[in-house]
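Here is the structure we will look at.
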Amino acid sequence: MTEKRPVLTLSSLDLHRLEQLLESLPPDAQASHAPLLEELDRATVVDPIAMPSTVVTMNSTVRFRTEPDGKEFERTLVYPSGVDGSAEKVSILAPIGSAMLGLSVGDSIEWPAPRGGTMTVRIIEILYQPEASGEYHR
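Have a look at this one:
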């Protein structure tokens, strides 16, 4: 990842739950999620009540674009237990899910692609964020 990484903002609740999730994974799975661990370590952590409405949090529905192909998607970022097989949900443990967490509208980040190489993910719009809707403990 050669470009400057954007500022990441995480809620204290999301951070706590993600740390528990990652600690529960087998060691080989933990190693494959090293980029997510690095991002959690460098994030600015805020109380859920203080979360800006422009930040991608867990259970947010986000419109984003992958570059350079320019494809746009709308997905809800969920914990693995929330994955139901629908195309509308993406796990935090999937590369695209890990890439989006903590970014703000307009931010982009270069991230390891699922099949090797890298991809760039750009956040276009937050369609729903639990914290902005007063849901602080979801």
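For what it's worth, our numbering labels the leading residue of the sequence shown as 202, then goes sequentially. Each residue gets a CB set at the ideal place from its N, CA and C atoms; glycine is no exception.
For the alpha helix (DSSP H) that Met301 lies in, which residues bound it at each end?
Position 100 of the sequence shown, counting from 1, holds the residue named residue 301. That run of the alpha helix (DSSP H) goes Pro296 to Met301.
Assuming contact is defined by CB atoms lying nearer than 9 Å, are Leu237 and Leu216 in contact in what I supplied?
Counting from one through the sequence shown, the residue named residue 237 turns up at place 36. Counting from one through the sequence shown, the residue named residue 216 turns up at place 15. No, the pair does not count as a contact, with Cβ atoms beyond the cut-off.
Using 8 Å as the threshold, is the stretch 294-303 in touch with the stretch 312-319, meaning 3 or more CB pairs across them?
At 8 Å Cβ cutoff, the stretches touch.
How should Ile324 be labelled, buried or exposed, when 16 other C-beta atoms within 10 angstroms of its C-beta is the threshold for buried?
What you label residue 324 is simply residue 123 of the sequence shown in a count that begins at 1. Buried: at least 16 other Cβ atoms inside 10 Å.
Outcome for Val291 when other beta-carbon atoms lying within 10 angstroms are tallied against a minimum of 16
As a working note, residue 291 is residue 90 in the sequence shown. Here Val291 is buried. Its C-beta has 16 or more other C-beta atoms within 10 Å.
What residue ranges within the stretch 235-289 form continuous alpha helix (DSSP H) runs of no fewer than 4 residues, ordered along the chain?
235-243
Could you tell me the boundaries of the alpha helix (DSSP H) in which Pro151 lies?
Because the chain is modelled from 202 through 339, residue 151 falls outside the range shown and cannot be assessed.
The alpha helix (DSSP H) enclosing Glu220, as first and last residue numbers:
Residue mapping note: residue 220 aligns to position 19 of the sequence shown, counting from 1. Note, Glu220: alpha helix (DSSP H), Ser213 to Ser225.
Environment of Pro331 [buried if 16+ CB atoms lie within 10 Å]:
For the purposes of this step, residue 331 is taken as residue 130 along the sequence shown, with counting starting at 1. Around the beta carbon of Pro331, a 10 Å sphere encloses 16 or more other beta carbons of the protein chains shown; the residue is thus reported as buried.
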